[in-house]
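Student: Chains E and P are the protein sequences, given in the same order.
The first sequence lines up with residues 120 to 228 when you count with the numbering used here.
The second sequence lines up with residues 507 to 619 when you count with the numbering used here.
Heads up, the beta-carbon is just placed ideally off N, CA and C, and yes, glycines get one too.
Okay, here's the structure, questions in a sec.
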Amino acid sequence: GQNIDQPTEMTATEGAIVQINCTYQTSGFNGLFWYQQHAGEAPTFLSYNVLDGLEEKGRFSSFLSRSKGYSYLLLKELQMKDSASYLCALRQAGTALIFGKGTTLSVSS
Amino acid sequence: KAGVTQTPRYLIKTRGQQVTLSCSPISGHRSVSWYQQTPGQGLQFLFEYFSETQRNKGNFPGRFSGRQFSNSRSEMNVSTLELGDSALYLCATAGQAETGELFFGEGSRLTVL
Numbered sequence: 120g121q122n123i124d125q126p127t128e129m130t131a132t133e134g135a136i137v138q139i140n141c142t143y144q145t146s147g148f149n150g151l152f153w154y155q156q157h158a159g160e161a162p163t164f165l166s167y168n169v170l171d172g173l174e175e176k177g178r179f180s181s182f183l184s185r186s187k188g189y190s191y192l193l194l195k196e197l198q199m200k201d202s203a204s205y206l207c208a209l210r211q212a213g214t215a216l217i218f219g220k221g222t223t224l225s226v227s228s
Numbered sequence: 507k508a509g510v511t512q513t514p515r516y517l518i519k520t521r522g523q524q525v526t527l528s529c530s531p532i533s534g535h536r537s538v539s540w541y542q543q544t545p546g547q548g549l550q551f552l553f554e555y556f557s558e559t560q561r562n563k564g565n566f567p568g569r570f571s572g573r574q575f576s577n578s579r580s581e582m583n584v585s586t587l588e589l590g591d592s593a594l595y596l597c598a599t600a601g602q603a604e605t606g607e608l609f610f611g612e613g614s615r616l617t618v619l
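Laid out in structure tokens, this is it:
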């Protein structure tokens, strides 16, 4: 099996940088994903790591260290619209994802 | 192109009944997976279908079943409903992109009374 752990809640202010961590214990996976989910909406894809290292996409970056069982999502220049739940997920077979319980981020002005 | 379409969006059932939910994938997407989302457990994987075959299955009882048709549309069924089955059921589809990213529908909100 696998455990995927994320902080339940985080708060930050507009313009700041926030790092959301994700740790996992699993025997193997072929990709680590981050999704964003606004309240009442469907999750949307943010980023994907298959190899160790940093992937950057605009204001969002994601990092993976397989040896440490650790990933993080970095959000820069925070905006109010970034208030959402952020979901870390592992892909082990096919396209099926195993999700963590998510981190609710609140951005205030 | 049109996104993932799920029907019905909302439904209310009573314990012991059964329910069927439908998912129409993005055109060209052949992989369809289903997830249950609850406040306590988050998003939990139910099953995945590809080319009408169940490819992966999560840890749910046999009351939860699904199928996929030749046009890639998928249905999931929950029999003998329990109060704990109240949840948002999300369908997600994937195309051929290297990342295999999932595109989610808006979900079907099931309430069991």
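Across the region 202–219 of chain E and the region 577–597 of chain P, are there enough close Cβ pairs to call them in contact, namely three or more that are closer than 8 Å?
Tutor: Output reads no: the region 577–597 of chain P does not touch the region 202–219 of chain E.
Student: Taking all protein chains shown into account, decide if A220 of chain E is buried (16 or more other Cβ within 10 angstroms of its Cβ) or exposed.
Tutor: Per the sequence shown, the amino acid found at residue 220 of chain E is Lys instead of Ala. Under this definition K220 of chain E is a buried residue.
Student: From the beta carbon of T605 of chain P, is the nearest beta carbon of chain E less than 8 Å away?
Tutor: Cβ-Cβ to chain E under 8 Å: yes for T605 of chain P.
Student: Look at the alpha carbon of E588 of chain P and the alpha carbon of Y154 of chain E, and state the distance between them as a whole number of angstroms.
Tutor: Near 29 Å, if we compare the C-alpha coordinates of Y154 of chain E and E588 of chain P.
Student: By the criterion of Cβ-Cβ separation under 7 Å, what are the contact partners of I217 of chain E in chain P?
Tutor: Chain P residues near I217 of chain E: F551.
Student: I'd like to know if the region 512–528 of chain P and the region 198–212 of chain E are in contact, where contact means that at least 3 CB-CB pairs between them fall below 8 Å.
Tutor: At 8 Å Cβ cutoff, the stretches do not touch.
Student: Could you tell me which residues DSSP puts in a beta bridge with A208 of chain E?
Tutor: Partner(s): E:F152, E:F218.
Student: Please list, in chain order, the chain P residues whose beta carbon lies closer than 8 Å to that of P126 of chain E.
Tutor: None at all; the shortest Cβ gap to chain P is about 13 Å.
Student: Does the structure place the region 519–534 of chain P close enough to the region 183–191 of chain E that three or more beta carbon pairs sit under 8 Å?
Tutor: With the cut-off at 8 Å, the region 183–191 of chain E and the region 519–534 of chain P do not touch.
Student: Express the C-alpha separation of K176 of chain E and V169 of chain E in angstroms, rounding to a whole number.
Tutor: So the two alpha carbons sit approximately 15 Å from each other.
Student: Where are the beta strand (DSSP E) runs, 3 residues long or more, that stay fully inside the region 545–614 of chain P, in chain order?
Tutor: The qualifying runs are 548–556, 559–563, 570–574, 580–584, 593–600.
Student: Using the Cβ count rule (16 or more neighbours within 10 Å means buried), how would you classify Q125 of chain E?
Tutor: Result: buried.
Student: Please determine, among P:R615, P:W540, P:P545, P:T605, the residue with the shortest C-alpha to C-alpha distance to R573 of chain P.
Tutor: The candidate whose alpha carbon is nearest that of R573 of chain P is P:W540.
Student: Counting only beta-carbon separations shorter than 8 Å, does L209 of chain E have a partner in chain P?
Tutor: Judged by the 8 Å Cβ criterion, L209 of chain E is not in contact with chain P.
Student: Check whether the Cβ of G150 of chain E lies closer than 8 Å to any Cβ atom in chain P.
Tutor: Yes, because at least one Cβ of chain P sits closer than 8 Å to the Cβ of G150 of chain E.
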